[in-house]
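Residue 42 in numbering that gives the first Met the number 0 sits at position 43 of the sequence shown, and the numbers go up by one each step. The beta carbon of each residue, even a glycine, is placed where N, CA and C say it ideally should be.
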Amino acid sequence: MPDKLDKRVIVEPLLSMGYLSLIWIPVALGNFVTREVVLEGMIQHKKGLRELVAGVSVGAIGGAGLALLIWLLDTRDLSDPLVNWNDALLEVLSFGEGVGYGAIFWILASAGLGLAGGALHLLPAIANRLLLAISLTIVLTASLESALDDISEGFRLEWLFEALFEKKGGLSVQGAIIL
């Protein structure tokens, strides 16, 4: 599926919907694993290294799962039972550089993204909400690009649309920063 979503651009040239579908999972899992429920009368532990190690661990495990998928796509024909698991998916996951590169990249990148998810608990709550709002604004704006194009024409705000979006699709880097 990421190979089909890869054609939809979020921020040109940095991020496509295909890669977004892969990178949000380690961040979310790193954040989820480090979440602590504090019951009444119980002491909350001090935030720090524990969150970072847990985030890196869960991210690396997820990256190892992707590395296993890359290896299976390269050595086995998985397209018979699973139609979308084909050479196009292998190409997206390995960046066209080979199985070893793709496997190592996804293990390290997922570990880093899991670390980022775990590190979110070290930030103040207001910073967490701000990062979530910024991220959702960028993704939703890019996802609703065609609707926003029609609306901007109706209100004669084409100049604003052209300032935010690239001609070939997706937000420009400047547009993402403005949002």
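Excluding residues up to 5 positions away in sequence, Leu112 lie with their Cβ nearer than 7 Å to the Cβ of Ile22 in the same chain. For Ile9, the three-state secondary structure derived from DSSP is strand.
Of Leu48, Phe160, Pro123, the smallest CA-CA separation from Asp149 is found for Phe160.
Ranked by Cα distance from Thr140, the options Leu28, Ala175, Leu114, Arg155 are led by Ala175. Bridge partners of Phe164 according to DSSP: Leu170. The count of Cβ pairs closer than 8 Å, one atom from the stretch 123 to 131 and one from the stretch 73 to 84, stays below three, leaving the stretches out of contact. In this structure, Leu92 lies near Ile69, with their beta-carbon atoms less than 9 Å apart.
Judged by DSSP in its simplified three-state form, Ser142 adopts helix. Residues Gly29, Thr33, Glu50, Leu51, Ala53, Gly54 of the same chain have their beta carbon placed closer than 6 Å to that of Gly117, with the five preceding and five following residues left out of the count.
In the DSSP assignment, Ser93 falls within the unbroken alpha helix (DSSP H) covering 86 to 93. By the criterion of a C-beta distance shorter than 7 Å, Gly169 is surrounded in its chain by Val8, Ile9, Val10, Glu11, Ala141, once the five residues flanking it on both sides are discounted. For Val36, there is no enclosing alpha helix (DSSP H), as DSSP marks it with neither H nor E. Annotation for Asp73: the continuous alpha helix (DSSP H) segment containing it runs 48 to 74.
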